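Student: Here's a structure for you.
Chains as they are written, first to last, in our numbering: chain A, 28 to 163; chain B, 2 to 60.
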């Protein structure tokens, strides 16, 4: 059946070229970089500042960086830490947060590091939504 | 090393979390700022309220 002149053939919708999950992956690896990829410079800079600051302050408070999963709480902590992407892997390579310190402030630091990872996951998903056009 | 007071830690936590919430949960800059401020006030306000509750329970 011939297409009418006004019909739009399938697959000719406006599509952005490139791998659609790239801002998600890059945003996970480097905080704020997913937003830079979709040219949201201000948002990306603020997200990077907030997440990196939180991670660094957590380390400065002698917070613990989870390295293994021995029980359910360790698994949850490790999952949160992994959300920080390269910050986590670089921190592990440098041996940061490896010595457990039993103070209240150090416990806050551990939570800062975990929450920085979780916030980075939210930011990476936001970059993906910007890339797909689900959000402007 | 960095040793903030408990309240300073709450304020820092609220500041960073509110920044991310504001940017990711809203579409335009004006509503981002409003939602970020709303989250910040709720974070800090609930911490102060719960602190008073715990203080009164402990007496």
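Here a beta-carbon is modelled for each residue, glycine too, at the ideal position from N, C-alpha and C.
All values reported here derive from a predicted model rather than from experimental measurement.
Counting pairs of beta carbons, one from the segment 135–153 of chain A and one from the segment 12–30 of chain B, are three or more of them closer than 8 Å?
Tutor: yes
Student: If the cut-off is 7 Å on Cβ atoms, which residues from the segment 20–37 of chain B count as contacting chain A, listed in chain order?
Tutor: Here the close residues are 20, 21, 24, 25 and 28.
Student: Within 9 Å of any Cβ in chain B, is that where the Cβ of residue 146(A) sits?
Tutor: yes
Student: Which stretch, first to last residue, makes up the alpha helix (DSSP H) that contains residue 39(B)?
Tutor: Unbroken alpha helix (DSSP H) run through residue 39(B): 30–59.
Student: In chain B, which residues lie with their C-beta within 8 Å of the C-beta of residue 113(A)?
Tutor: Neighbours of residue 113(A) on chain B: none; closest Cβ ~18 Å, over 8 Å.
Student: Please name the residue, chosen from 13(B), 2(B), 30(B) and 6(B), that lies closest to residue 45(B) on a Cα-to-Cα basis.
Tutor: 13(B)
Student: Anything in chain B within Cβ reach of residue 135(A), meaning under 7 Å, just list it in chain order.
Tutor: 10
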